[in-house]
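In full-length UniProt numbering, the protein residues as written are 1 to 123.
Here is the structure:
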């Protein structure tokens, strides 16, 4: 991540990686990380007990499954998953998203397991 006075170009950053379900840090805002990820398929059901999670769709289409119904996001739409709400993300096609959450938030929340990955810096 750069600290220079250069804007972050999300299109350029997304072109730098192809790995699915791997969060890439592109900026820091106070104690929050701005992360990009590419998704396809279904993630694990999980909860973030201590924080809300902002998800913004850049391209593709994302379904956020909640126990009481689904939220479907198109490009340019965002949803905030409230803290403590169990959810599962799914994408039928490759989908690029931006996440905003406190530094150190694990992608699988309380679920853990083989899909748990630490966010990597993307220069």
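Note that CB positions come from ideal geometry on N, CA and C, so glycine has one too.
It should be emphasised that the depicted structure is a prediction, and the values quoted were computed from it without experimental measurement.
| query | Between which two residues does the beta strand (DSSP E) harbouring residue 92 extend? | reply | 87 to 102
| What are the partner residues of residue 121, as DSSP defines its beta bridges? | 25
| request: Tell whether a beta-carbon distance below 8 Å holds between residue 5 and residue 23. | output: no
| Helix, strand or coil: how does DSSP classify residue 68 here? | coil
| message | Comparing C-alpha positions only, which one of 72, 120, 106 and 69 sits nearest to residue 49? | response | 106
| field | DSSP-derived helix/strand/coil call for residue 11 | value | helix
| Using the C-alpha atoms, what's the distance from residue 81 back to residue 73? | 13 Å
| field | CB of residue 97 within 8 Å of CB of residue 58, strictly | value | yes
| request: With distances taken Cα to Cα, identify the nearest neighbour of residue 114 among 100, 54, 45 and 30. | output: 45
| field | Residue of 84, 111, 60 and 28 minimising C-alpha distance to residue 8 | value | 28
| query | When DSSP builds the beta bridges, which residues end up paired with residue 38? | reply | 20 and 96
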